[in-house]
Each structure stands twice: as structure tokens, then as C-alpha cells.
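Only one structure is covered here, and it is reproduced in the block below.
In my numbering, the protein residues as written are 55 to 502.
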């Protein structure tokens, strides 16, 4: 299942002025012009596909209405034609009756000729023969006229029947045309819908990178650390980007976290109950350009306990970029996960390196379950389904749930006594990643 996240369509972007909330002047790494290539000239934009789909639907809806109206008209026409009072049906009945009468008259004329011939044969005198011949001539003339009248009546009856049949055929032909138009409109609508759906499908863009700069590998509770969320568009087309951040403690006490980001005019706190949030939109990030979002993180001391109850804790942060352009409303940059250690308040961390992103692998792929179950990028075994987390959640974390520093059992040397705690940590990672998955899917549903 392809993750359908951040489906902010280009149609919305075309009619809504994007507000640049993230405070950062994009630093151009490479001055690459965002030009439309020759291949793109023939590719419709998402807005054009949406318009085509809308028009195809309207045409289809009109065709459905026309087909219904045409069917009703056909039924009414056929019913009317079947009525003896209809002019065409009445003409057929009259013409056929006239043809029947003419046939009867012709039959009578045939009998008259036969009788006249018999009378002529029976005549004895010349006068009788002359009179009989005269009667025969008259009977034959009447027969000739009766034959002509019958032929004329039959032609008229045939013409009336043809006109009647033509009216029925015309009614069926008209209905056939609207049915054909409906079939063509349905085919066009399905093609337009498929083209739109294909364009809407999320695509992976590994060149759209998200990294944390300056996030330390160790954080002392009660102290605020500053770092930068950097998004770089290493691709070939201009993108509008929605940065996505999620920060969690593996002990599940996220209420102890305070994560903020700056829009240049003030600081905004992430909602700990959300698990992950999209920050302000980065508009028009050109190829080769980057945008930096200033962030800061504080872990409350009470989140770890105090005095003898104080203890170290593990945390992790997830960074990704959702994006879109005029052609694709859903472009997914790869997600990166950074693990860090939280030390009790007052600790002396010594030299602290920056946190490193987790190893890329099957979990870093946006396709859930892309890797083999229970296997990390290096072929090692990862925790299985920590705390009931879905496979999508494990993939969104950037690695298997049990991967990375302090995550795998082999790395911690966990014994049977510490196994539940190790699994709880792995489950926290998976659940945090699941929160990212949920917020992306929710945002996609809201904007699609």
C-alpha cells in the first residue's frame, strides 16, 4: 500500500496564495533554473487533469440524463405509434383497408370476365354473340381498371407501412445515439479519472532530503538545545514543501518534551499529543535550493525522575518532507530518524557529537513491508511488532523498530531480565513512527 500523505493538490495551490510560514531564506546550493523540459511540455499539469476529470464527469452526467430522457421518449413514441389514432398508424390502417377493398373489386372483376366469356360461348345468334362480346369487353375493361386500382392501393399501403416503420426505426436510432454517447462519455470519464488517480498517487523522491543539523546525541534534562531542520531539493523541479517532524521519548513520556520551531517572528510549540506535525509550508523550493527551519528541544527534568530516581532515557526524532508541484500533488521525501540520549538534570555530558541519522534500509522505504519481516538493512533481526505497532509505523521510522543505537537487543546485551524494557523501547519507536504515519494519512485525506 503506497502511503497517501499530504495530498495538497495543485488546484488548491493555484487558487490559494501560499503563505510562507517557515522563516528561512532558501540558500541556493546550485543555481539551477526551474525550467519545464521538452518532455514536460506534453505532460498535463495536475490542475489540467483535474479540470479534464471534472469536465468528463459533467459530460457523463449529461449523457446519463440524456439516455434516461431518450429511453422515456422511445417508450412514449412506440406506445403512441401502436395507437390506432396515431396519424401514421391510422394511415396504414386506411391504406391497407383500401388495398383489401381493391383486391375484392379485382376478384369481382375476374368473375365478371369469366361469366362474360361463358355467355359468349353460349350465344346462338349473331345478335346474341354481339351482345355477349360487348359485355365481355366491358368486363375485361373493368378488370383492367380493378387491377390498376389494386396495384395503386397496394403501393399506397406499402408506402404508409414504410413511413410507419421508418418512424419506429428513427425512434430506436435516436435512442441508440444517446446510448452510444453515454458509453463514450463513460469511457472518457474512466480514462480521465484514471489519469487523475495516477497523477495523485504518491511518488518517492529521494532527492528531497530532510536532515537535522546540530541535534546533539545527548540532551541534558532541563536544558534547551538548538538545532536546524534542513530541507534540500536536490531534484530537477521546483517543489512546495511541508516539513514534518515528530519527537518522542522511548519511555512513552512525551509530555516531558517541549519541541518548538520558528517562523522568523516567533516560536511555535508542537503538540505532544499529536505525535508528529507539519510545520509551515516552504513555497517554491527550486532545484538545488534548501530551506532551514530553526528548532529547539527541551526535556523537563520531571520526565526522568529526580534524585535517586533519575535515570537516562532514550529519545528519537523523525524528519521528512511532504511536497507537491504542478504535476504531482503527493511527493514523498525519505524519512530520517535520529536517536539521542537524555541525561538527568545537572549531568555533565562531556564532548557530545551530533546525532546521526539511522541506517537507510527497508524501513526507510515508503512502501510498508518493503524489507523482509524482522530483518534490518544489515540482515540483523529487529524487534517484532513492538506494542502492536503496524508495519507501516516501523517503515515510517526510517528503520526496523529495534534498529539503531540502543534499539537492538544484540547491541544492548539485554538479558532475560531486561528483555521487557528493551521491547518497550522498540515499541515506542514503532508507535512514534505510527503517529507520523497517521498524521500524514489524515492530512492527505483532508487535502485530497
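By construction, the Cβ of each residue, glycine as well, lies at the ideal position given by its N, Cα and C atoms.
Taking a cut-off of 8 Å for Cβ pairs, the segment 230–239 and the segment 119–129 touch, as three or more such pairs fall below it. The beta carbon of residue 214 is closer than 6 Å to those of 145, 146 and 149 in its chain, skipping five residues each way along the sequence. Under the DSSP assignment, residue 134 falls outside any beta strand (DSSP E), being part of the alpha helix (DSSP H) whose first and last residues are 100–135.
Straight-line spacing of the CA atoms in residue 322 and residue 102 works out to 36 Å.
Counting the other CB atoms within 10 Å of its CB gives residue 412 a total of 16 or more, which places it among the buried residues. Cβ neighbours of residue 286 within its own chain (closer than 6 Å, five residues either side excluded): 263 and 344.
In terms of Cα proximity to residue 112, the closest of 253, 243, 183 and 389 is 243. Residue 109 and residue 347 have their C-alpha atoms roughly 41 Å apart. Among the bridge pairs identified by DSSP, residue 369 is matched with 303 and 394. Between residue 275 and residue 396, the C-beta spacing is below 7 Å. Positions of the alpha helix (DSSP H) runs, each at least 4 residues long and wholly inside the segment 209–294, cannot be given because no such run exists. If you ignore the 5 residues before and after residue 208, its C-beta comes within less than 6 Å of the C-beta of 153, all in its own chain and listed in chain order. With a contact defined as Cβ atoms closer than 8 Å, residue 379 and residue 332 miss out at about 17 Å. Taking the C-beta atoms as reference points, residue 339 is found nearer than 7 Å to residue 293. DSSP places residue 165 within a helical segment (H, G or I) once states are collapsed to three. By the beta-carbon neighbour count (other beta carbons within 10 angstroms, threshold 16), residue 273 is buried.
In the three-state reduction of the DSSP assignment, residue 383 falls in the coil class. The beta carbon of residue 326 is closer than 7 Å to those of 308, 309 and 311 in its chain, skipping five residues each way along the sequence. Burial state of residue 104 is buried, judged by a 10 Å Cβ sphere holding 16 or more other Cβ atoms. Sequence-distant partners of residue 162 (beyond 5 residues in either direction) whose C-beta falls short of 8 Å from its own C-beta, in its chain, are 200. Under DSSP, residue 349 takes part in a beta bridge, and its partners are 281 and 315. Exposed is the label assigned to residue 223, since fewer than 16 other Cβ atoms lie within 10 Å of its Cβ. Looking at the backbone, the Cα of residue 281 and that of residue 269 are separated by about 5 Å.
Ranked by Cα distance from residue 372, the first of 389, 188, 136 and 256 is 389. A Cβ-Cβ distance of about 11 Å is found for the pair residue 252 and residue 107, leaving them out of contact under the 8 Å criterion. Residue environment: residue 267 is assigned as exposed (fewer than 16 neighbouring CB atoms within 10 Å of its CB, all protein chains considered). Counting C-beta atoms within 10 angstroms of its own C-beta, residue 141 has fewer than 16 neighbours from the protein chains shown and is therefore classed as exposed.
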